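Residue numbers (the numbering used here): 718 to 847.
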């Protein structure tokens, strides 16, 4: 009789664990955007996304390094600064984006594309998040 209670307790624990794990939100990334960089262009432009997590796969096909930043188009605040992508390299970034309008730009060559504070011609792509 004692074994029956042990088996019943184990079954309840396993069932409880299955219910807890199945109620957790999924962490899968549903959106992926392939971005190509060349001097002085970002493709695609514009980019349309749904609010949430997105994987940016950045291909630097140019001869110079580029470092992308994502800036809010409404208030000019930098939402996210991405690492430098060396020439000829590919890097992947996971980014959480809320609804709104954003600018994806080359932060190595420009501090503020909205106010045209750029040392050189810069690369800019508009992002619309719904």
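Where is the CB? At the ideal position from N, CA and C, for every residue including glycine.
Model, not experiment: these values are computed from the prediction.
Could you tell me which residues DSSP pairs with residue i in its beta bridges?
i	result
residue 765	845
residue 747	Answer is none; residue 747 lacks a bridge partner.
residue 811	772
residue 821	787 and 842
residue 755	758
residue 797	787
residue 802	783
Quick check: the Cα distance between residue i and residue j, rounded to an integer number of angstroms?
i	j	result
residue 808	residue 790	24 Å
residue 842	residue 822	6 Å
residue 785	residue 811	13 Å
residue 763	residue 846	11 Å
residue 773	residue 792	23 Å
residue 840	residue 751	16 Å
residue 754	residue 761	9 Å
residue 819	residue 788	5 Å
residue 824	residue 801	9 Å
residue 757	residue 770	27 Å
residue 796	residue 844	12 Å
residue 794	residue 816	15 Å
residue 799	residue 775	10 Å
Count the other C-beta atoms from every protein chain shown that fall within 10 angstroms of the C-beta of residue i, then say buried if there are 16 or more, exposed otherwise.
i	result
residue 814	buried
residue 768	exposed
Under 8 Å by Cβ, that's how I've got residue i and residue j pegged, so tell me the actual separation to the nearest angstrom.
i	j	result
residue 748	residue 766	6 Å
Touch test, the stretch 801 to 818 against the stretch 765 to 782, Cβ-Cβ under 8 Å, three pairs minimum:
Taking a contact to require three or more Cβ pairs closer than 8 Å, the stretch 801 to 818 and the stretch 765 to 782 qualify as touching.
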